[in-house]
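Asker: Take a look at this one; I'll ask things after.
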Amino acid sequence: MKKSELWTAGVLIIFSLACLVWVIPNYTSPPQSKLGVRPSFIPNVAVGTMLFLSILMLYQNFKHRKSNQETGVDDEEFGAEASGLGLAELANLSLWTVSSAIVVFLMGLLGYKIVSSLFMVCLMLYSGQRRPVILIIVSILTPLLIWQITWYAFSIQLPMLYFNND
Numbered sequence: 022m023k024k025s026e027l028w029t030a031g032v033l034i035i036f037s038l039a040c041l042v043w044v045i046p047n048y049t050s051p052p053q054s055k056l057g058v059r060p061s062f063i064p065n066v067a068v069g070t071m072l073f074l075s076i077l078m079l080y081q082n083f084k085h086r087k088s089n090q091e092t093g094v095d096d097e098e099f100g101a102e103a104s105g106l107g108l109a110e111l112a113n114l115s116l117w118t119v120s121s122a123i124v125v126f127l128m129g130l131l132g133y134k135i136v137s138s139l140f141m142v143c144l145m146l147y148s149g150q151r152r153p154v155i156l157i158i159v160s161i162l163t164p165l166l167i168w169q170i171t172w173y174a175f176s177i178q179l180p181m182l183y184f185n186n187d
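As structure tokens, then:
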């Protein structure tokens, strides 16, 4: 049984329940019409999914613990082979945090389509994709598809070019 997974599942369950019971009902606006989707629908689905997955994680951890007790196997993750958190992991975490903050800032200025396309190209290059056709197709089609889905399915307008909003 991994203690970190137990703690993670417990914290996520408490956080999910707090969001479902208190945060989402109190901090989302009421629907503007009876025909549209309620503003709390997407947050409820996201947090409900998180709650379901954390309960599943807790269940699997306890189920796995019982099978390990029968076989006598100890699978604690902090054994001799554990690598821990080193300089490389901190550098990678810092890279993702800073790049995400830059994307959020630029999205307000340049809009969703431009920033997300450029960010996807950078992510794909960073992860090893070098074929130009794949880079172009994925980085253009994915943001456009997400843009269309959010608008036509949920009537949500993603950030547009700041200079067009005069």
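Counting along the sequence shown from 1, when you hit position 107 you're at 128 in my numbering, and nothing is skipped either side. Here a beta-carbon is modelled for each residue, glycine too, at the ideal position from N, C-alpha and C. The model shown is predicted, which means the values in this text are computed figures rather than measured ones.
1. Determine the direct distance from the alpha carbon of P64 to that of P51, and round the result to whole angstroms.
2. How many angstroms separate the CA atom of S137 from the CA atom of S160?
3. What did DSSP end up calling L166 once you bin it into helix, strand or coil?
4. Tell me which residue opens and which closes the alpha helix (DSSP H) that P46 is part of.
5. If we ignore side chains and look at the alpha-carbon of each, how far apart do V154 and L146 end up?
6. Give me the Cα-Cα distance between Q53 and P46, rounded to the nearest whole angstrom.
7. Hey, L33 and S61: beta-carbon distance below 8 Å or not?
8. Specify, as a first and last residue, the run of the alpha helix (DSSP H) that K202 falls within.
9. Could you tell me the boundaries of the alpha helix (DSSP H) in which K24 lies?
10. Alpha carbon to alpha carbon, how far is V119 from E26? Give it in angstroms, no decimals.
11. Leaving out the 5 sequence neighbours to the left and right, which residues in its chain are closer than 7 Å to T163 when beta-carbon positions are compared?
12. Name the residue from A30, A174, Q150 and I177 whose alpha carbon lies nearest to the alpha carbon of L77.
13. Just to confirm my understanding: we take S37, look at its own chain, exclude 5 residues before and 5 after, and list those with CB closer than 6 Å. What are they?
Answerer: If we stick to the structure as given:
1. Reading the sequence shown from its first residue, position 30 is the one you call residue 51. Reading the sequence shown from its first residue, position 43 is the one you call residue 64. Between P51 and P64, the C-alpha separation is close to 14 Å.
2. Locating residue 137 in the sequence shown gives position 116, counting from the first residue. Locating residue 160 in the sequence shown gives position 139, counting from the first residue. For S137 and S160, the distance between alpha carbons rounds to 8 Å.
3. The residue labelled residue 166 in the question sits at position 145 within the sequence shown. The answer is helix: DSSP assigns L166 an H, G or I state.
4. Translated into positions along the sequence shown, residue 46 becomes position 25. Note, P46: alpha helix (DSSP H), I45 to Y48.
5. The residue you call residue 154 lines up with position 133 of the sequence shown. The residue you call residue 146 lines up with position 125 of the sequence shown. Roughly 13 Å separates the two Cα atoms.
6. Numbered from its first residue, the sequence shown carries residue 53 at position 32. Numbered from its first residue, the sequence shown carries residue 46 at position 25. For Q53 and P46, the distance between alpha carbons rounds to 15 Å.
7. For the purposes of this step, residue 33 is taken as the residue at position 12 of the sequence shown. For the purposes of this step, residue 61 is taken as the residue at position 40 of the sequence shown. Against a cut-off of 8 Å, the Cβ pair of S61 and L33 comes out as no contact.
8. Look at the range of the chain in this structure, 22 to 187, and you will see that residue 202 is not part of it.
9. Position 3 of the sequence shown, counted from the start, is the residue given in the question as residue 24. Element bounds for K24: K24 to A39.
10. For the purposes of this step, residue 26 is identified with residue 5 of the sequence shown, where counting begins at 1. For the purposes of this step, residue 119 is identified with residue 98 of the sequence shown, where counting begins at 1. E26 and V119 have their C-alpha atoms spaced approximately 27 Å apart.
11. If you number the sequence shown from 1, residue 163 lands on position 142. Same-chain partners within the cutoff: M141.
12. For the purposes of this step, residue 77 is identified with residue 56 of the sequence shown, where counting begins at 1. Nearest of A30, A174, Q150 and I177 to L77, Cα basis: A30.
13. Counting from 1 along the sequence shown, the entry for residue 37 is found at position 16. Cβ within range, chain order: V68, M71 and L72.
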